[in-house]
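Take the position in the sequence shown, starting the count at 1, then add 16; the result is the number in our numbering. Here the structure comes first, spelled out in structure tokens, and everything after it is commentary.
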Amino acid sequence: MKNLKIICLILISLLFFSCSMKNKQIELIRQDADQLIKAQSEMGYANWTQGAFSNQDSLYKAYEHLFTKENIQLVKQAEEKEKDPQKKKALTYLRLYLLSEYISKQTAALYDQTENMQSQAKIKVEGKEIPFRQIAVLISNEKDQNKRRKLFVSQDSFLDSLNVIYKQIEDFYHSQAQELGYNSYNAFAQDLKSIDLENFKPVVQDFLVKTQIIYETLLTEFLQKNLKLNRNYFYRFDVPALLRQGEFDKYFPKEKLVETVKATYLDLGIDMDKQPNLKIDSEEREKKNPRAVCFAIDVPADVRLSIKPIGGVQDYAALFHESGHGEHFANTTEKIWEFKYLGNNTVTEAYAFLSEYFLSDKDWLSKHTQMSETDLKEFLKAQVFSRLLLVRRYCAKFLYELELHSQNPKSEKIYADYLSQAMGFKRTASDEKRYLYDVDANYYVVDYLRAWFLEAQLKSKLKEKFGESWFEKKEAGAYLKALWENGNKFTGEELVQQIGYPTISSDALINEINQLLSSVQLVAKD
Ligand SMILES: [Zn+2]
């Protein structure tokens, strides 16, 4: 009896010892991941704003020990044993982070190869050699449809060679998913994104069906107005030119960009000049990347926005979008490390879209721009059309990716068919060549789609609580702050329930689109 007691004590203490050893190991993983993420952000920020040399690969190499199957397993075991729901969730975030980085680490060389091929490739167009990366810009600026077609088709053989590498990446994902113990790549992605892909499919299909008629009406109108094109002669290479909204750029002057963002947030009771933890670098430096960006370096103490203002609709939309991310992270008070830095992007993208789509609000436009009534109506309609086109494109991409990742042998054809149906252009054989080039890793498309739907639900709630001009109410700002405080603690599905909906659905977005269009008609009658 006595001996048994001693053995039991030894066993218990051994168990306790191994448990606390494991906890220590997990704490070390967390500390290393924290250092790595901060170093990556600092390097990314210096490269973006100063043109400093970037060597992200060296950082990965220095932390190679982090992303191993053993560490994934270690965190998984702790996650399964953990009883406290908060701690369990934090461990889930940590495991999913390790998992996605484990895969990225192994595909990095192949992705680098595709990047290098793209930056070095020269495409022959009518006897001239043009860098591959310039072709998209040329297509977007080209007024002659025939020339757009030639530029588009000229990339075909290069895309064939790129596809060889992309196919290797795709195959690698499948074999890795199996090796990590999942039945399929889709099962792996479901775990990674915390989503039931099959359940999300009807939500996406529903959006496509319910917006089909409005989209086609707007498409016919904008094709005629912007490109003088009939729907029967509309092709994929016409899309970028169709979406250009240059005529409205005069209402979005470069000089007023930062002050407009600040004035907008001030109305919500958020004084950006009094947020020392959220810095805006709008200096014009030669080597600075002009695009707006947000780096959450140390949440919430050090969040940085950068822009090299050029003015115009796109520039405003981009800085508003990034400011949405910035306010989210700068207002985070959550203490658990995983909830500050990890988790998927649905929630933060929804906050970013909420900020970006101030530009789709009639009252906001009246207040912050000098648009005439007629231009305001036209601009709003153009905003609705481009958002609709973009969301429908992502719907098609998602439905296609479900097929691709189920290893459907007709993926090329399905890709071209789905996009052509959703966006309303006539498909060509060249469209099929983009069936892998146009895919982001690990269903990133899902985060964006959920964020678009969630943003509309959040905005509808804000209007219900604070009225149509919610964006001028300090109470609305306080409501948002209370949500931002949580950082990434809540998933999109949890957040939508907190604000009063059973699930993420496209109904609010469809309503918003309909309301915007009917308000445009009302303005027209005035
Ligand atoms: Zn974003």
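Beta carbons: idealized from backbone N, C-alpha and C, even for Gly.
Is it buried or exposed for Lys351, if we count other Cβ within 10 angstroms and need 16 for buried?
For the purposes of this step, residue 351 is taken as the residue at position 335 of the sequence shown. Exposed, by the Cβ-count rule.
Entirely enclosed alpha helix (DSSP H) segments - the region 50-123, minimum 4 residues
72-78 and 85-97
At the level of alpha carbons, what is the spacing between Tyr198 and Phe204?
On the sequence shown, position 182 is the one that residue 198 refers to. On the sequence shown, position 188 is the one that residue 204 refers to. The straight-line gap from Cα to Cα measures roughly 6 Å.
Specify which residues have a beta carbon nearer than 6 Å to any heavy atom of ligand 1, listing them in chain order.
His337, His341, Glu365 and Ala368
Please find out if some non-hydrogen atom of ligand 3 comes closer than 7 Å to the beta-carbon of Phe482.
Ligand 3 is not part of the structure shown, which contains ligand 1 as its ligands.
Closest to Arg164 by C-alpha separation, out of Phe345, His384 and Phe253, would be which residue?
Taking the sequence shown and counting its residues from 1, one reaches residue 164 at position 148. Residue Phe253 is the option with its Cα nearest to Arg164.
Do the region 139-149 and the region 110-126 meet, that is, are 3 or more Cβ pairs less than 8 Å apart?
Between the region 139-149 and the region 110-126 there are fewer than three C-beta pairs closer than 8 Å, too few to call the two in contact.
Does His81 pass the burial test, meaning 16 or more other C-beta atoms within 10 Å, or should it be called exposed?
Working through the sequence shown from its first residue, we reach residue 81 at position 65. Exposed, since its Cβ has fewer than 16 Cβ neighbours within 10 Å.
Relative to the C-alpha of Ala279, which residue among Glu354, Ser371 and Leu533 is closest?
On the sequence shown, residue 279 is found 263 positions in, with the first residue counted as 1. The shortest C-alpha separation from Ala279 is found at Ser371.
Inter-residue spacing [alpha-carbon to alpha-carbon] between Leu245 and Leu239
In the sequence shown, counting from the first residue as 1, residue 245 sits at position 229. In the sequence shown, counting from the first residue as 1, residue 239 sits at position 223. Going by the C-alpha atoms only, they are around 5 Å apart.
Cut-off 8 Å between Cβ atoms - residues of its own chain near Gln66, not counting five sequence neighbours on either side
Within the sequence shown, residue 66 is the residue found at index 50, counting from 1. Excluding sequence neighbours, Gln66 sits near Arg301, Lys303 and Lys304.
Same chain, Cβ closer than 8 Å to Glu547, neighbours up to 5 away in sequence not counted
Given that the chain is displayed from residue 17 to residue 542, the structure contains no residue 547 and the question cannot be resolved.
Answer yes if the region 413-431 comes into contact with the region 209-224, meaning at least three C-beta pairs across the two stretches below 8 Å, and no otherwise.
yes
Below 8 Å between beta carbons: does that hold for Glu98 and Leu107?
Residue 98 sits at position 82 when you count from the first residue of the sequence shown. Residue 107 sits at position 91 when you count from the first residue of the sequence shown. Yes, these two residues count as a Cβ contact at 8 Å.
Can you find the residues in the same chain that come closer than 6 Å, C-beta to C-beta, to Ile146, ignoring five residues on each side of it along the sequence?
What you label residue 146 is simply residue 130 of the sequence shown in a count that begins at 1. Once the five neighbours on either side are set aside, the close Cβ partners of Ile146 are Ile139.
As an exercise, report each continuous alpha helix (DSSP H) stretch of at least 4 residues that is fully enclosed by the region 355-430, in chain order.
362-372, 378-384 and 389-420
Segment contact, 8 Å Cβ cut-off, at least three pairs: the region 393-412 with the region 437-445:
yes
Limits of the unbroken alpha helix (DSSP H) element including Glu471
Position 455 of the sequence shown, counting from 1, holds the residue named residue 471. Residue range Tyr460 to Phe482 is occupied by the alpha helix (DSSP H) that includes Glu471.
Work out the CA separation of Pro325 and Glu271 for me, nearest whole Å.
Along the sequence shown, read from residue 1 onward, the residue named residue 271 stands at position 255. Along the sequence shown, read from residue 1 onward, the residue named residue 325 stands at position 309. So the two alpha carbons sit approximately 8 Å from each other.
Under the three-state DSSP convention, the category Glu131 falls into
Stepping through the sequence shown from its first residue, residue 131 is reached at position 115. In the structure shown, the three-state DSSP call for Glu131 is helix.
Please identify the residue among Gln171, Ala494 and Asp212 whose C-alpha is closest to the C-alpha of Arg450.
The sequence position of residue 450 within the sequence shown is 434, counting from 1. Arg450 has its Cα closest to that of Gln171, out of Gln171, Ala494 and Asp212.
Across which residues does DSSP place Ala312 in a beta bridge pair?
Indexing the sequence shown from 1 puts residue 312 at position 296. In the DSSP output, where bridge partners are listed per residue, Ala312 has Val319.
Under 8 Å, with one C-beta from each stretch per pair, do the region 40-60 and the region 75-92 reach the 3-pair mark?
Touching, per the Cβ criterion.
With 16 other CB atoms within 10 Å as the buried threshold, where does Glu338 fall?
Along the sequence shown, read from residue 1 onward, the residue named residue 338 stands at position 322. So Glu338 ends up on the buried side.
Between Ser376 and Gln399, which are expected to be in contact by the criterion C-beta below 8 Å, what is the C-beta distance as a whole number of angstroms?
On the sequence shown, residue 376 is found 360 positions in, with the first residue counted as 1. On the sequence shown, residue 399 is found 383 positions in, with the first residue counted as 1. Right, the Cβ-Cβ distance comes to about 4 Å (below 8 Å), so this counts as a contact.
Pull up the DSSP beta-bridge partners for Ile146, would you.
As a first step, residue 146 must be located in the sequence shown, where it is residue number 130. Answer by DSSP bridge pairing, in chain order: Ile139.
Which term fits Glu528, buried or exposed, when burial requires 16 or more other beta carbons within 10 angstroms of its beta carbon?
Locating residue 528 in the sequence shown gives position 512, where the first residue counts as 1. Buried, since its Cβ has 16 or more Cβ neighbours within 10 Å.
Might you give, ordered along the chain, the residues of its own chain that have their beta carbon closer than 6 Å to the beta carbon of Glu488, omitting 5 neighbours on each side?
In the sequence shown, counting from the first residue as 1, residue 488 sits at position 472. Cβ within range, chain order: Asp283.
Backbone CA spacing between Glu448 and Lys209 [nearest angstrom]
The count along the sequence shown starts at 1 and reaches residue 448 at position 432. The count along the sequence shown starts at 1 and reaches residue 209 at position 193. Computed Cα separation, rounded: 27 Å.
Hey, could you find the ends of the beta strand (DSSP E) Leu294 is sitting in?
For the purposes of this step, residue 294 is identified with residue 278 of the sequence shown, where counting begins at 1. First-last of the beta strand (DSSP E) with Leu294: Leu294 to Asp297.
Rounded Cβ spacing between Phe469 and Ile520 (contact assumed at less than 8 Å):
To locate residue 469, count along the sequence shown from 1; it is residue 453. To locate residue 520, count along the sequence shown from 1; it is residue 504. That pair is a contact at about 5 Å.
Does the Cβ-Cβ distance between Phe355 and Gly503 come in under 8 Å?
One-based indexing of the sequence shown puts residue 355 at position 339. One-based indexing of the sequence shown puts residue 503 at position 487. A contact, by the Cβ cut-off of 8 Å.
On the CB-based measure, 16 or more other CB atoms within 10 Å of its CB, does Gly483 come out buried or exposed?
Translated into the one-based positions of the sequence shown, residue 483 becomes position 467. Burial state of Gly483 is exposed, judged by a 10 Å Cβ sphere holding fewer than 16 other Cβ atoms.
What distance in whole Å lies between the Cβ atoms of Tyr61 and Arg320, which are believed to be in contact at a cut-off of 8 Å?
By 1-based counting over the sequence shown, the position of residue 320 is 304. By 1-based counting over the sequence shown, the position of residue 61 is 45. Indeed, because the Cβ distance is near 6 Å, the residues count as touching under 8 Å.
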